[in-house]
Amino acid sequence: MKSLYIRIVLTFVMIALVSSIFGLLMTSLYYELRLKSDNEQKIMTIGENIRSLYEPNMKVDLDTYLTHIAALGFQIYAVHGNLQGKVYGSAFKHGQLSDAELQSVLDGGVYHGMSVENHRIQIIAFFENSIRNTVGIPIDSPDGKVALFIRPDLQKQIGEVRIIVAVLLGSTFLISLLLIIVFSRFIVRPIKELTKATQRIVKGNFNVGLEVSRKDEIGDLANHFSHMTRSIQQLDQMRQEFVANVSHEFQTPLTSIQGFVRAVLDKETTPEESERYLTIIEEESRRLSSLSKQLLTLAALDKEDKGLQKSEFRLDEQIRQIIIMLEWQWSEKSLQLDLDLPEVMIVADAQLLYEVWLNLISNSIKFCESGDTISIRITSSDEETIEVEIGDTGIGVPEEDIPFLFERFHKVDKIRQRSSTGSGLGLSIVQQVVTLHQGNIQLQSQYGSGTTITVTLPRL
9 MKSLYIRIVL TFVMIALVSS IFGLLMTSLY YELRLKSDNE QKIMTIGENI
59 RSLYEPNMKV DLDTYLTHIA ALGFQIYAVH GNLQGKVYGS AFKHGQLSDA
109 ELQSVLDGGV YHGMSVENHR IQIIAFFENS IRNTVGIPID SPDGKVALFI
159 RPDLQKQIGE VRIIVAVLLG STFLISLLLI IVFSRFIVRP IKELTKATQR
209 IVKGNFNVGL EVSRKDEIGD LANHFSHMTR SIQQLDQMRQ EFVANVSHEF
259 QTPLTSIQGF VRAVLDKETT PEESERYLTI IEEESRRLSS LSKQLLTLAA
309 LDKEDKGLQK SEFRLDEQIR QIIIMLEWQW SEKSLQLDLD LPEVMIVADA
359 QLLYEVWLNL ISNSIKFCES GDTISIRITS SDEETIEVEI GDTGIGVPEE
409 DIPFLFERFH KVDKIRQRSS TGSGLGLSIV QQVVTLHQGN IQLQSQYGSG
459 TTITVTLPRL
């Protein structure tokens, strides 16, 4: 598997190569469209000047004359009437002219080699050191017509420039490659740190502080990763606490049941004590059943793909059914009920809302003293929302415990001393159900004076 570091370097090399090829093609196209004909015309003009300077003064030896001209930075190929030629200046590396082409120039024609030479990349033709890549003109001499084929000697004219350009381009590429190799390490280093941190998290080590101060996308990634790590650490801690709380909640009643059953089986109790023990066993069994049911409800609510099974029903009738079902509890404590339940239709998950009202009303009954009052009201300030207010004059909740009431397994110590039958899961279930319905829940309480919980839900 190729590392990101190697991929970045290879990407740079590929970009450089593709850019070079594309630049070469664009330069070649520009040369063909704009410079090729102009270049040939300039060489043709130079050839005409060479001829015009020689023909009026043929006393100068042609061989000497052409030698001096070639020394100025030209390559010349002179062909006499017998089709024998001589090179002046630097030798041509390749290319031959046919006898017909030579004879055509001797007969007074002009040879346009620079414009007729075909190459896939036209800019190469400019640098090709070939007899065919020349301009041919006839010139008169004491010995008759001579055909001169001329082209600039690029090695003499721009040799140093070519070296400078080559060194410039080569050094630019090498230095760029070196810099990309060095700076790629700075780009990849935070990602490697993230990879190592991920491996530590997999092993259960969440202390993975990342020292990344960058302000770019990688810096954002590192910051989000650190935030994610803290969230996972909190979730793991919550999971451990959850397991410990569940174990405790099951272990306590099971231990009690085991002790009471052993006492009854060993016949160490009186009939009255046995009856009391069996009553306690029944209550603890009911508590375990309720706890199991609430755990299953929480597990279902925690699923991300949990969908609401919505239907239209009368909310007031649902609450009345729960009040009737719990009648034995509130009547046993001689509680007073103040009900204001006008007929209200709602579209929601009836089963989940049933759990909401059951938990809230059960809590009110549980934490009320004999003769206290429970009030339940349904109000609707507009056509879009419904408010259900459940209040009591019970023992209330201390102010410092209110922010934690909706956490799982949270129990208020002062209340817990009076009643140990709760699991600490009811309000957590209530909050999740209300949130799933895109509603909200508010709690107001004063220790010793009572509690009021207001649930706001959308009608549809």
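In the numbering used here, the protein residues as written are 9 to 468.
Glycine included, C-beta positions come from ideal geometry on N, C-alpha and C.
- In the pairwise beta carbon analysis, the region 438–447 is classified as touching the region 456–465: at least three pairs are separated by under 8 Å.
- In this structure Gln359 touches Gln317 by the C-beta definition: roughly 7 Å separates them, less than 8 Å.
- The Cβ-Cβ distance between Gly404 and Ser372 does not fall below 8 Å.
- With contact defined as three or more Cβ pairs closer than 8 Å, the region 51–60 and the region 133–146 are in contact.
- Residue environment for Arg159: buried (at least 16 other C-beta atoms within 10 angstroms of its C-beta).
- As the crow flies, the alpha-carbon of Arg140 is around 19 Å from that of Gly89.
- For the 8 Å CB-CB criterion, Val272 and Glu320 do not form a contact.
- Close CB contacts of Ile188 within its chain, under the 8 Å cut and outside five residues either way in sequence, are with Ile16, Val17 and Phe20 (chain order).
- In the structure shown, His120 adopts extended strand secondary structure according to DSSP, grouped into three states.
- Put simply, of Val269, Glu292 and Ser293 the residue whose alpha carbon is nearest the alpha carbon of Ser282 is Val269.
- Nearest to Asp324 by C-alpha distance, out of Gly152, Gln454, Leu349 and Gly31, is Leu349.
- For the set Met122, Asp107 and Ile209, the Cα lying nearest the Cα of Asp115 is the one of Asp107.
- Across the structure, Leu110 and Ile14 are spaced so that their CA atoms are roughly 57 Å apart.
- Excluding sequence positions up to five before and after Glu363, its CB lies within less than 7 Å of the CB of Thr305, Ile437 and Val441, all in the same chain and listed in chain order.
- Of the residues assessed, Ile84 falls on the buried side of the cut-off, its CB having 16 or more other CB atoms within 10 angstroms.
- Take the alpha-carbon of His102 and the one of Ser123: they are about 18 Å apart.
- In the structure shown, Asp148 adopts extended strand secondary structure according to DSSP, grouped into three states.
- Gln111: member of the alpha helix (DSSP H) spanning Asp107 to Leu114, first to last residue.
- Between Val95 and the set Thr75, Leu80 and Gly81, the nearest pair of CA atoms involves Thr75.
- Beta-bridge partners assigned by DSSP to Leu156: Ala86 and Ile145.
- Closest option to Glu408, judged by alpha-carbon separation, among Asn367, Glu392, Ser389 and Gln452: Gln452.
- By alpha-carbon distance to Leu25, the top candidate from Leu177, Gly212 and Trp365 is Leu177.
- Asp46 sits in a helix when the DSSP states are folded into three classes.
- Minimum Cα-Cα distance from Leu91 among the listed residues Gly97, Leu105, Ser98 and Leu80 corresponds to Leu105.
- Between Leu186 and Ser179, the alpha-carbon positions lie close to 10 Å from each other.
- Annotation: the continuous beta strand (DSSP E) that includes Gly458 extends over Gly458 to Pro466.
- Non-local beta-carbon contacts of Ile331 in its own chain, meaning distances under 6 Å to residues more than five positions away in sequence, are absent.
- Between Glu377 and Arg467, the CB-CB gap reaches or exceeds 8 Å.
- At least 8 Å separates the beta-carbon of Val196 from that of Arg208.
- For Gln452, the enclosing beta strand (DSSP E) covers residues Asn448 to Gln454.
- Taking all protein chains shown into account, Val118 has fewer than 16 neighbouring C-beta atoms within 10 Å of its C-beta and is therefore exposed.
- A straight-line Cα-Cα distance of about 7 Å links Ala230 and Leu202.
- In this structure, DSSP gives Ile403 a state outside helix and strand, which the three-state scheme calls coil.
- Put simply, the backbone Cα of Gln454 is about 43 Å away from that of Thr277.
- The beta carbon of Asp151 sits closer than 7 Å to those of His88, all from its chain and outside the five residues before and after it, given in chain order.
- Under the three-state reduction of DSSP, His235 is assigned to helix.
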